[in-house]
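These notes are about the structure you will find just below.
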Amino acid sequence: MKKMILGAVIALTMFSCGGNMDMNQQIVGVYNKYVVESEKLVDNVDKGTLEEREKTLAKLASLVDSCTTVVKEIKPTKEAEAFHTSTLEVYKVVAEEQVPVLKEFIAIDEKDESNANIDKYNKAIDKVNTVGEKVSKLEEKVLKVQEDFAKAIGAKLY
Numbered sequence: 302m303k304k305m306i307l308g309a310v311i312a313l314t315m316f317s318c319g320g321n322m323d324m325n326q327q328i329v330g331v332y333n334k335y336v337v338e339s340e341k342l343v344d345n346v347d348k349g350t351l352e353e354r355e356k357t358l359a360k361l362a363s364l365v366d367s368c369t370t371v372v373k374e375i376k377p378t379k380e381a382e383a384f385h386t387s388t389l390e391v392y393k394v395v396a397e398e399q400v401p402v403l404k405e406f407i408a409i410d411e412k413d414e415s416n417a418n419i420d421k422y423n424k425a426i427d428k429v430n431t432v433g434e435k436v437s438k439l440e441e442k443v444l445k446v447q448e449d450f451a452k453a454i455g456a457k458l459y
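In case it helps, our numbering puts the sequence shown at residues 302 to 459.
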């Protein structure tokens with residue numbers, strides 16, 4: 302998954318927008334945690350024993366749940382609504398689509414070389430890739446929406 306850390310893209314320089322700057326920092330802080338941790342987890346979800354892969358996937362689900370809870374508690378200003386919503390949308394798709402698809406994928410018996418199992422594996426890989434692309438597009442949207450939010454509050458973009 303291609304991910305970028307939002308805080309590196311935008312520096313907020315307006316002191317008169319304290320509530321918006323605080324909101325940006327809170328959402329970006331949570332999102333940065335998600336980016337760093339989820340990338341490691343997704344990269345390792347197919348490594349180790351089935352039990353280890355299930356634990357990795359459970360950590361991803363827990364991370365997304367935690368990030369969702371924290372961001373939902375942040376009450377967005379009018380200017381931050383789209384940024385807030387798009388961030389939650391990433392978490393929702395990971396929780397409701399990516400985690401289940403990865404769970405299906407890691408459950409496939411790698412030692413079974415039957416045609417039926419190979420077909421099952423190929424279909425699972427297609428689903429993993431499709432959902433991964435969807436998550437990447439949503440992550441790109443978060444970056445764009447954060448840029449729009451920064452412009453709306455008079456922040457300077459670097």
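Beta carbons: idealized from backbone N, C-alpha and C, even for Gly.
- In this chain, glutamate 414 is not harboured by any alpha helix (DSSP H), its DSSP state being neither H nor E.
- Of Asp323, Asp420, Leu351, the smallest CA-CA separation from lysine 376 is found for Asp323.
- About 6 angstroms separates the beta carbons of leucine 389 and threonine 369, which is inside the 8 angstroms limit, making them a contact pair.
- When DSSP states are grouped into helix, strand and coil, proline 401 belongs to the helix group.
- Out of Val400, Leu358, Val365, Asn321, the CA that lies nearest to the CA of asparagine 333 is found in Val365.
- Between leucine 403 and valine 346, the CB-CB gap stays under 7 angstroms.
- For glycine 320, the three-state secondary structure derived from DSSP is helix.
- Glutamate 405 is positioned such that its CB atom lies no closer than 7 angstroms to that of valine 432.
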